[in-house]
Every structure is written in C-alpha cells, then in structure tokens.
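Remarks on the structure that follows.
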C-alpha cells in the first residue's frame, strides 16, 4: 500500500482524513485485499466507495507528484512516437510531451520502477513521471494512437500495383489492403465520423473524415495504394471493378472488432477525377444514428406541437433543408414515434439507410423502373396509414404525394428548401397547385445541424461586438457572458463535440391557407413568413441563439449554419 513520503501515512489513512471514506469502509477494503490480493485503490473504486478522480488527487498529494488532467492536455506527436501502442496499453500509460530532453509520461501506477526502466530503454532518454486517472489514460490511448500505426504497418505490405496484383489482393479477405480499409472504417467510427473521403492527388492519396459536419485531414497514403483501395471498395460494394470512368454506387457491411461485435453499414460512391477515381464512404452506424425526437434538439414547446401533428390521420408534413442538415434523421425519428402495431407504415427511399422492425420499407430502383412516384403509387395499393417518401424532387412525385395526403393518408417527406416558407414555394415551383398545397400541407419543419460546445473544455468568455449584435437581433437582449470550447483532447482541439438541430416549425393555419389560395393577389414568401411569425413561429436563427443562451452552441456556429437565411 502506498505511503506518504514525508509523514508515512498510508493512502487509506489519507482518504479517511479527507472524509472520502470511513474507517469501517477502509477496514472492510483492507480485509478484502488480504483475501483476494490486488491494489487497495482498485478495490475502493470497484466497490464505489471513492471516485477515481478523488483517489488520484489524494494519491498525487501523497506521492508529491503532479496529477495530469488528460482531458485538457494535448498529447504531443513527438512524444507519442517514442512509445509503441502495445506498450502504452500493457502498462496503462501515455507519453505526453518531451521537455528539456526528458519524456513526460502519465501513468496509472507511477511507483512501478520496473515499468519506468522499460520506458527509459524504449525511449532512450530520461523519463519524468506524472499521475493520471486510469480511465482517462485508456481514453487518451484510444484517441491518440488510433489505428495509425497498424494502418502504416499494413500499407508497408501492399503488393506491387500491377493490374493482376490489384485484382488478386482486392478479392482476398485477409490482405494488407483489406485490413487497411477495415482499419480506416474502424477509426472513422471511433472518431464519430459520418463520411470517409478517399481522394487521389498528384503526389499522395488524401484521406479525410467528416466529423460533426466538418472535414478533417486524417491520413496521407502513397499514390501506389490508391488502385488497390478503390478496387477493394468496389468488390465489397458489388460495383464493376473494370469501370473507372462512369460514377458508381453501392453498399456493404463490415463487422468491427471481435466476433459478435456491432455491424456497420457503408454506402459507397465513386467518381472519376484527373488523378483517378475518388471514393466517398457514408458510414451508417445503427448504434448512433437512430435518435428519438426528444434527442434531436427541438425546443420543448415546439416538440410538443410537432408530436401532436404526427397524430394526424391525414395530410402532409415536410422536412426541409440542404443536404447534410439531418432531414432523414428527423423523418426516421418521426416514424419511430408512431404506433407500429396499429398503423401500416410504408416507405419509399433512395437508398434505405436504416432498417426498422415492423415498418415496410421500399427502395428506389431505376433499373427496375421503380421511382419515388412509381413506388408511391405501388404503396397506395397496400392499404397504408402512414407513408414516408424519402424526397420530393420532381412534379410527378410531388403530385402523387399530394394525392396520397388528399385521400386519407399521413405523408411524411423531405424537400430541398432554405427555410419553412421556402418549402411552400418550392412545391409551387415544381408544379403543385397552391390550392392543393393549402388543402394537404399540415406543417413544414426546416432545420440545420450545429456543433455543440465540448463539455470538457467549455469556458466563459466575453462576446465580441458583432456577436452581441447578432444575439440581440434575434432575442432582443444583450448577452452577458457566453460559453465557448477552449480545445482539448476529447474534441481534437476544435472546441466542439457532437451536434444538435436548429428547427423552425411552420403550421399551415387557416390564414396561411387563405393567403396561398387567394387568386387575385397570391401572397409572397415574405408575407407568408410575416404571418407565420405573427402566429408564433420561431425561426432557426432564434432557436440557435436560444441554444447559445443555454450554452449548447456558439454564436459563430449558428451564423455559420444559418447565415444565408433571411
């Protein structure tokens, strides 16, 4: 058991003195240690008698050793290169930095002299030891080592890039190219990425991950690896491996980790560029993607109103926004809200991204002649109660969806429009009569996705004059002190981690219906928006600034996502 270097007090005695545990609890833990062995600290944590952070603080005082908060300290690459990942995991340590020719290492067990000697031998330099919380060290190992070393190891084994070698190695399941692709996907899932971009350049193969809506450079591979990686993707996605000029798309699944672990679906697309085919992989991680409506970021009163609208037996509800704004997620969360036992819920999608139990899902297939409109007409012959159409993008689909809503069905769909009012006029632009829109459209949800401030490194700050003006314009009050992310290990020094939605809900009231139907003077978009605001519609900008006020996101992030909305 650890003893204080100056007073000789044991760790247990210090914990009792700090009122973190009682004398009886210490005696019980010591008795368990005598019976089973192991560290007293581990026993106390496992029994829930003390938190790991509290114990580390007391241990830091006892050992007169600095306690490093790895959530806030960035691990430096020059230090990371000195200690291999397997050694870091074996001894639960992370190399933090190189200072004055010494390697600073954060350890869970900083008094193990044998381990420290092994580190010195490996790094070939002096070592300074600091204390860290075991779970934080393990998280830091996952965040910083990732799959980089293993990917490099696999790349070094790539076969020569002849046509025959590319084809042969791409078909095999356990080759360097197959292992590399699996590792790239596994790392992307670990990094919470939604997409992987494999982009050939003149002198390298660039790999980027889209995390929280923003692209980040992740790896640079030799150009010689390009052909084999692309061929491997094509084979998995059942594309034509010989076709390199025409764009192709497909889908495949891989299992991550050990047998029995979760399966991840991947949607793949290829396109020719001057330096060869680029590949985009969309990660459809079922464990992360299916949210409930309450998790999306709706304000409580808006959520209550929207849930009530979903109980309507007929009419059409549209979700609008640009690509990547989360429309499909909202549609899925909406149908997930409905009673699947009493209702016949049917969908036509392009493609089916996530599969649901007890919902009949259909997919667009142009080769088989199945379009959105054709699939929708087919659905109508199967006695549906609720119909989800993946996207309204043409006159045929729009008019068929309107007819379905007119004949006693609840129709949910998405449409590309800048805001809620814009969705009404987008329907008119693609040929739907205003009278039909006013008769069938129940509501429009417009949305964007914004990044959330990292909870680990959030800090108060004084907003700039421009930020204060933007805040005041939407909420009519001056901010006093706002929050921002300072940057840390958990958010990869971006200050943001995770995303939430900004929403505006336009309910087509009787007055708005009259404005759309009026033959003498049909209302403009500005007039309809003015009426909707008068009736209490909250805009996405207002929703964004409320989330700024609540410390969820930042002014700059809201403006980045909704700057183009009038």
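Residue numbers (my numbering): 1 to 566.
Each residue gets a CB set at the ideal place from its N, CA and C atoms; glycine is no exception.
Computed from a prediction, not measured in an experiment: that's the story for all the values here.
Please return the same chain residues whose Cβ sits closer than 8 Å to the Cβ of residue 144, not counting the five positions on each side in sequence. 75, 80, 94, 489
Whole-angstrom distance between residue 50 and residue 19, CA atom to CA atom: If I take the Cα positions, the gap works out to 10 Å.
With 16 other CB atoms within 10 Å as the buried threshold, where does residue 562 fall? Around the Cβ of residue 562, a 10 Å sphere holds 16 or more other Cβ atoms; the residue is buried.
Beta-carbon separation (whole angstroms), residue 501 vs residue 542, contact threshold 8 Å: With 8 Å as the limit, residue 501 and residue 542 do not qualify as a contact, their Cβ atoms being about 14 Å apart.
State buried or exposed for residue 596, treating a residue as buried only when at least 16 other CB atoms are found within 10 Å of its CB. Residue 596 lies beyond the residue range present for the chain, which begins at 1 and ends at 566; the question has no answer from this structure.
For residue 461, count neighbouring C-beta atoms within 10 Å of its own C-beta (all shown protein chains included) and say buried if the count is 16 or more, exposed if not. exposed
Kindly indicate which residue of 279, 29, 282, 306 has the alpha-carbon position closest to the one of residue 292. 306
Chain-order list of residues whose beta-carbon lies under 6 Å from that of residue 551 (same chain, five-residue window excluded): 483
Whole-angstrom C-beta distance between residue 412 and residue 432, which should lie under 8 Å: Contact doesn't hold; Cβ gap of about 16 Å is too wide.
For residue 108, which of helix, strand or coil comes out of DSSP? coil
Buried or exposed: where does residue 259 fall if 16 or more other Cβ atoms within 10 Å of its Cβ makes it buried? Annotation note: pLDDT 47 at residue 259 (below 50); position unreliable, coordinate value reported separately. By the neighbour-count rule (16 or more Cβ atoms within 10 Å), residue 259 is not buried but exposed.
Alpha helix (DSSP H) segments (min. 4 residues) lying fully within the stretch 461-514: 465-475
If residue 195 and residue 282 are in contact, beta carbons under 8 Å, what's the gap, nearest whole angstrom? With 8 Å as the limit, residue 195 and residue 282 qualify as a contact, their Cβ atoms being about 5 Å apart.
Could you have a look at residue 192 and say whether DSSP puts it in helix, strand or coil? coil
Considering just the uninterrupted stretch of the alpha helix (DSSP H) at residue 549, what are its terminal residues? 540-549
Given a cut-off of 9 Å, decide if residue 296 and residue 329 are closer than it, judged by their beta-carbon atoms. yes
Does residue 518 pass the burial test, meaning 16 or more other C-beta atoms within 10 Å, or should it be called exposed? exposed
With a threshold of 8 Å, establish whether the CB of residue 39 neighbours any heavy atom of the ligand NAP. As for the ligand NAP, it is missing from this structure, which has no ligand bound.
Between which residues of its own chain and residue 459 is the CB-CB distance below 8 Å, once the five residues before and five after are set aside? 483, 484, 485, 486
Please report the distance separating the alpha-carbon of residue 513 from that of residue 506. 12 Å
Taking the alpha-carbon positions, what's the residue 415 to residue 138 distance? 44 Å
Residue 154 by DSSP, collapsed to three states: which one? In the structure shown, residue 154 sits in a helix (DSSP, three-state: H, G or I).
Euclidean distance between Cα positions of residue 16 and residue 115: 30 Å
Suppose contacts are defined by Cβ-Cβ distances below 9 Å. Is residue 123 in contact with residue 82 by that definition? yes
Only counting the same chain, and skipping five residues up and downstream in sequence, which positions put a Cβ closer than 7 Å to that of residue 46? none
Three-way DSSP call (helix, strand, coil) for residue 561 in this model: Three-state result, residue 561: helix.
Where in the stretch 238-314 do unbroken runs of the beta strand (DSSP E), each at least 3 residues long, occur, reported from the N-terminal end onward? 248-255, 263-273, 276-284
If you reduce the DSSP assignment to three classes, tell me which class residue 4 lands in. Residue placement at residue 4 is flagged as unreliable, the pLDDT there being 45, under the threshold of 50; a coordinate-derived value is accordingly withheld.
Closest to residue 175 by CA distance: which of 225, 36, 117 is it? Residue 175 has its Cα closest to that of 225, out of 225, 36, 117.
By a C-beta neighbour count over all protein chains shown, 10 Å radius and 16 as the cutoff for buried, is residue 480 buried or exposed? exposed
Beta-carbon proximity check, residue 72 vs residue 455, cutoff 9 Å: no
Would you call the stretch 310-324 and the stretch 435-451 touching, i.e. three or more CB-CB distances under 8 Å? yes
Could you please give the first and the last residue of the uninterrupted beta strand (DSSP E) stretch that includes residue 97? 93-99
Mind checking residue 472: buried by the 16 CB within 10 Å criterion, or exposed? exposed
For residue 269, which option in 199, 222, 349, 364 has the closest C-alpha, if you only look at C-alpha atoms? 199
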